[in-house]
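A quick write-up on the structure given underneath.
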Amino acid sequence: MSDTVFDFNGSKDAGWSQPSPLTENSASHIPESLRRNRLPDWPRASEPELVRHYTKLSQKNFGIDTGFYPLGSCTMKHNPRLNEKIVQNPGIDRIHPLQPEAQVQGLLAIYYEMQEMLAICSGMDAVTLQPVAGAQGEFTAIRCIQEYHKERGDNQRDKVIVPDSAHGTNPASASMCGYQIIEIPSAHDGRIDLDALRSAVGEDTAAMMITNPSTLGVFEPEIAEAAEIVHSAGGQMYYDGANFNAILGKTDPGRMGFDAVHYNLHKTFSQPHGGGGPGSGPIGVKNHLSKFLPTPLVGRKELPHGDFGTVGDGFWYHWESPPSSIGKVQQWNGNAGAVVRAWAFYRRYGRDLERMSEHAVLNANYLRFRMMNPNPDLNIHAMPIEGCPAEVVKHEFTLSMSPLKDATGVTGKDVAKRLLDYGYMAPTLYFPQIVPECLMFEPTETESKEVLDKFAEDFHAILAEDPDIVLTAPHTTPVGRVDEVWAARNLILRYPKVEPSS
Amino acid sequence: MDQLPNLGREQEMLDIMGLSSMKDLFEDIPVEIRSEGTLPLPLPQTEEEILRDAEKLLGANVNLDSRPSFISAGLARNFVPSMVPMIATRGEFLTSYTPYQPEVSQGMLQAMWEFQTMISELVGLPISNVSMYDASTSAAEAITCAVRVKSKKVEMPNTVYVSELVPPHRMSVIENYTQGVGIDIRKIPHDEDGFLDLNVAAEASGSCAIYVEQPNAFGILDKGLLRLREVVGDNTAIIVGVDVTSLGIVEPPGNWGADIVVGEGQPFGIGPTAGGPIYGIFACKKDFLRLMPGRIVGQSIDTEGKTAYTLTLSTREQHIRRHRATSNICSNETLIALMGAMHMALLGPIGLETLSTRILSSTRMAMDELSSVEGLELAFPKSPVFREFAVKVPGKSSEALSHIFELGVIGGFDLGQWWPDRGSWILIGCDERTSESDISLLKKTLTSWVEESS
Numbered sequence: 001m002s003d004t005v006f007d008f009n010g011s012k013d014a015g016w017s018q019p020s021p022l023t024e025n026s027a028s029h030i031p032e033s034l035r036r037n038r039l040p041d042w043p044r045a046s047e048p049e050l051v052r053h054y055t056k057l058s059q060k061n062f063g064i065d066t067g068f069y070p071l072g073s074c075t076m077k078h079n080p081r082l083n084e085k086i087v088q089n090p091g092i093d094r095i096h097p098l099q100p101e102a103q104v105q106g107l108l109a110i111y112y113e114m115q116e117m118l119a120i121c122s123g124m125d126a127v128t129l130q131p132v133a134g135a136q137g138e139f140t141a142i143r144c145i146q147e148y149h150k151e152r153g154d155n156q157r158d159k160v161i162v163p164d165s166a167h168g169t170n171p172a173s174a175s176m177c178g179y180q181i182i183e184i185p186s187a188h189d190g191r192i193d194l195d196a197l198r199s200a201v202g203e204d205t206a207a208m209m210i211t212n213p214s215t216l217g218v219f220e221p222e223i224a225e226a227a228e229i230v231h232s233a234g235g236q237m238y239y240d241g242a243n244f245n246a247i248l249g250k251t252d253p254g255r256m257g258f259d260a261v262h263y264n265l266h267k268t269f270s271q272p273h274g275g276g277g278p279g280s281g282p283i284g285v286k287n288h289l290s291k292f293l294p295t296p297l298v299g300r301k302e303l304p305h306g307d308f309g310t311v312g313d314g315f316w317y318h319w320e321s322p323p324s325s326i327g328k329v330q331q332w333n334g335n336a337g338a339v340v341r342a343w344a345f346y347r348r349y350g351r352d353l354e355r356m357s358e359h360a361v362l363n364a365n366y367l368r369f370r371m372m373n374p375n376p377d378l379n380i381h382a383m384p385i386e387g388c389p390a391e392v393v394k395h396e397f398t399l400s401m402s403p404l405k406d407a408t409g410v411t412g413k414d415v416a417k418r419l420l421d422y423g424y425m426a427p428t429l430y431f432p433q434i435v436p437e438c439l440m441f442e443p444t445e446t447e448s449k450e451v452l453d454k455f456a457e458d459f460h461a462i463l464a465e466d467p468d469i470v471l472t473a474p475h476t477t478p479v480g481r482v483d484e485v486w487a488a489r490n491l492i493l494r495y496p497k498v499e500p501s502s
Numbered sequence: 503m504d505q506l507p508n509l510g511r512e513q514e515m516l517d518i519m520g521l522s523s524m525k526d527l528f529e530d531i532p533v534e535i536r537s538e539g540t541l542p543l544p545l546p547q548t549e550e551e552i553l554r555d556a557e558k559l560l561g562a563n564v565n566l567d568s569r570p571s572f573i574s575a576g577l578a579r580n581f582v583p584s585m586v587p588m589i590a591t592r593g594e595f596l597t598s599y600t601p602y603q604p605e606v607s608q609g610m611l612q613a614m615w616e617f618q619t620m621i622s623e624l625v626g627l628p629i630s631n632v633s634m635y636d637a638s639t640s641a642a643e644a645i646t647c648a649v650r651v652k653s654k655k656v657e658m659p660n661t662v663y664v665s666e667l668v669p670p671h672r673m674s675v676i677e678n679y680t681q682g683v684g685i686d687i688r689k690i691p692h693d694e695d696g697f698l699d700l701n702v703a704a705e706a707s708g709s710c711a712i713y714v715e716q717p718n719a720f721g722i723l724d725k726g727l728l729r730l731r732e733v734v735g736d737n738t739a740i741i742v743g744v745d746v747t748s749l750g751i752v753e754p755p756g757n758w759g760a761d762i763v764v765g766e767g768q769p770f771g772i773g774p775t776a777g778g779p780i781y782g783i784f785a786c787k788k789d790f791l792r793l794m795p796g797r798i799v800g801q802s803i804d805t806e807g808k809t810a811y812t813l814t815l816s817t818r819e820q821h822i823r824r825h826r827a828t829s830n831i832c833s834n835e836t837l838i839a840l841m842g843a844m845h846m847a848l849l850g851p852i853g854l855e856t857l858s859t860r861i862l863s864s865t866r867m868a869m870d871e872l873s874s875v876e877g878l879e880l881a882f883p884k885s886p887v888f889r890e891f892a893v894k895v896p897g898k899s900s901e902a903l904s905h906i907f908e909l910g911v912i913g914g915f916d917l918g919q920w921w922p923d924r925g926s927w928i929l930i931g932c933d934e935r936t937s938e939s940d941i942s943l944l945k946k947t948l949t950s951w952v953e954e955s956s
């Protein structure tokens, strides 16, 4: 273990060079008992050493920039560099969220435009940009629904319905609001089972949480009926927007009958996820829920004739608080930097956002077709079967690797690991759980036909390979298959502590 | 449409699939719920046009570097070394996602394992996760975590004591996160010097947890907190919110009995960014490990026995445990935590101490200067502070702040927005970038307000 940041041997007295403090002996103002006796064992390294350290680490990391990243349900599309350039502007980087609104008119104008744009795309009436991740958006919307029922005296509604194919965050978010979760089984084809839904709803139904297209990547044709069933029981319909990339301009959650929706700006609108985040998870709601939204939202009023305002559009932008607001879910005003990036992204497409979804769906269907139709001369051990039989899929699709497992012992995980050797990120593995040995592929609209052709070809090569090679993959990555059990058993969660020699 | 590689090649791809038009791809959407016409949005723009609009809009904002600025209230107008954004936004880091495949994610995993170590060292606790959304969600989830760990072992299950000086925005987040699971929040008052009332704090003995902040919302460092463990006893979890930059000079809470330490990581790594993306830190003792929120990286080995890193203890998390998960958090703030790791590594122990000293000394200098102005009054003249202090002005603080803004200074935060009965208090925030001339301009402009309003 000689290559960590703690293994540099910089001088004990060195550190980042800084201007001198304004006064001397300021520490004397802190009671002695409160003073730190021993500084943390942080790295002792110079800038050149650290630049090389982190550059080397980056070279052991796979990103969209380095290769095809078909991670289903995560929408790993290209992140335009313009967006990164814009957020370096001091007009966003050096802004404090508590500055008076007169000092941040430009930011508020961007917020306003984003609220409007997201409402239009989703068929909702009001939008908050405050939630900072998809899961937090879910939590926020369920909180609003909870207050809605409370205000109507509907206090017996203590259950939230989710399909067994739902993202794990759905039940986790509803549970954090105090709801019991009713999981309903999917029909045999993976689609929503309306009979199961009918028998699950009742006077105790607070909401149903569902995504459409489903986590299997297919559109739920009976979604309006599902909404009708939940609404007649007095429940609210929540749209998990993780799969929004498939439907922009084609349909929207409002038309499907939903009351609330979250958007993943880090998926649909290309804000980079950077190793696990940041995200941004605004929510949109119908009018009857809007007064419960977190505070503040951005409003605007027209200025008198001839007054063009600070941003030059004739409006004054202001923060406003919904009358029965649930308060805050993040301390400030959301991930403003993510909102600005997403704004720059949407501006590229404008009213043609529909093209984006068309190409996402085109690519998914094309990749699925290519993967399911191999060169007949190949000696493939066993072809996968579709997670959900469908004429067309939307932006992603699922394959079960069970036949291969039965024929050779090679699992979905083995295939995923072998794909790493071919220079790809693996697809999403073993989700949704209702598809055995599931692999979920989402190519996004930013991959070329050639990349998709080559990927399908390489996938088939793996299916035809000597199983022993696949079972022990990966072989060409910086480390071999990592032992997750060892990690959980030994729990080495930090660099070993060096006790002071005294 | 420079973002779509297959533009103009649609028919070629459709033909291969045996489809005739793009419409075929959406035939599965029932006619009744299809959108009509085009989205009522502006025309598409080019990169040049978007950049022009962005510069115009963002240029209309008053950025903190454009004049002397004293607004902080939990976020820092910090100095971030140039290396940090340049290396952290390398495409391999920027465009990756959660390292579900450790074999091709060793870079981010190792960097996060090192981050965990630096946070652990900073706060004096053995365990750290790879980030929460911000300080407020970190505090809220620390409370729900402590309740999960302690509820079956204490006399007052589901009860948590919280300092009344937790800023209302953070308190609101805490309330949203705790109301559903039925946690009873009780407030602890402070004395006239802004110190926690330890007699009331003693009532927390037998409850699940106590949450306090060091420094508190008025920047006050409270040495009484060092006695908290003896006051609340061994069974109640002590959760402490910190200003991470104070810990080069102030004793870390892990050394005086804290079980969980949370805080805004932002001063290490990224500018205030209008409130996000930033990151919250979450560190704890071993007893909380299996019920804590967030992703954790552990060291492991590969098939050859070579050192490797991987996400571990995932069975706590939503994608495995679903509604029984310890939290719903999935996307977090890893990229910003990576920036934090780089910043902390650059500072090193001595750099941290220097940074803390600089912030402390500019705070003291501003405090001393303003205390000499007739008509201004320090709210807590006797209490030691870090980064921030509260000053009472004649008239309304919102008007005082407008006055000095017109004279070229972003003067601080109007505490009347948080606590209406403190409508003449301003929270002055200082930092490593505060200069002597900034302070003298603040003094001059506030003096002008005093004269104006008398």
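Protein chains in written order, with our numbering: chain A, 1 to 502; chain B, 503 to 956.
Glycine residues also receive a C-beta, built at the ideal position from the N, C-alpha and C atoms.
Predicted model, so just to flag it, every value in this text is computed and none were measured.
Residue i burial status per 10 Å Cβ neighbour count (16 or more: buried)
| i | result |
| --- | --- |
| residue 747 (chain B) | buried |
| residue 508 (chain B) | buried |
| residue 193 (chain A) | buried |
| residue 122 (chain A) | buried |
| residue 692 (chain B) | buried |
| residue 588 (chain B) | exposed |
| residue 543 (chain B) | buried |
| residue 176 (chain A) | buried |
| residue 45 (chain A) | buried |
| residue 94 (chain A) | buried |
C-beta contact flag for residue i and residue j at 7 angstroms
| i | j | result |
| --- | --- | --- |
| residue 234 (chain A) | residue 261 (chain A) | no |
| residue 882 (chain B) | residue 696 (chain B) | yes |
| residue 82 (chain A) | residue 342 (chain A) | no |
| residue 631 (chain B) | residue 790 (chain B) | no |
| residue 249 (chain A) | residue 354 (chain A) | yes |
| residue 927 (chain B) | residue 898 (chain B) | no |
C-beta neighbour in chain A for residue i, strict 7 angstroms
| i | result |
| --- | --- |
| residue 808 (chain B) | yes |
| residue 933 (chain B) | no |
| residue 774 (chain B) | yes |
| residue 792 (chain B) | no |
| residue 722 (chain B) | no |
| residue 725 (chain B) | yes |
| residue 671 (chain B) | yes |
When the options are compared against residue i, the one with the closest alpha-carbon
| i | options | result |
| --- | --- | --- |
| residue 505 (chain B) | A:47, A:359 and A:75 | A:359 |
| residue 10 (chain A) | A:180, A:98 and A:42 | A:42 |
| residue 574 (chain B) | A:59, A:96, A:332 and A:70 | A:96 |
| residue 116 (chain A) | A:105, A:128 and A:106 | A:128 |
| residue 429 (chain A) | B:601, B:661 and B:650 | B:601 |
Below-7 angstroms beta-carbon distance, residue i vs any chain B residue
| i | result |
| --- | --- |
| residue 192 (chain A) | no |
| residue 60 (chain A) | yes |
| residue 384 (chain A) | no |
| residue 208 (chain A) | no |
| residue 347 (chain A) | yes |
| residue 36 (chain A) | yes |
Assess contact between the stretch 212 to 222 of chain A and the stretch 373 to 393 of chain A, defined as three or more Cβ pairs (one per stretch) separated by less than 8 angstroms. Is contact present? When C-beta atoms of the stretch 212 to 222 of chain A are compared with those of the stretch 373 to 393 of chain A, three or more pairs fall below 8 angstroms, so the two segments count as touching.
Any 3 or more C-beta pairs closer than 8 angstroms across the stretch 49 to 60 of chain A and the stretch 401 to 408 of chain A: As far as the Cβ criterion goes, the stretch 49 to 60 of chain A does not touch the stretch 401 to 408 of chain A, which means the pair count is below three.
So, do the stretch 159 to 174 of chain A and the stretch 130 to 146 of chain A have three or more beta carbon pairs nearer to each other than 8 angstroms? Yes, they touch.
Just checking, does the stretch 459 to 476 of chain A make contact with the stretch 412 to 424 of chain A on the three C-beta pairs under 8 angstroms criterion? A contact exists between the stretch 459 to 476 of chain A and the stretch 412 to 424 of chain A.
Taking contact to mean at least 3 C-beta pairs separated by less than 8 angstroms, is the stretch 862 to 882 of chain B in contact with the stretch 933 to 952 of chain B? A contact exists between the stretch 862 to 882 of chain B and the stretch 933 to 952 of chain B.
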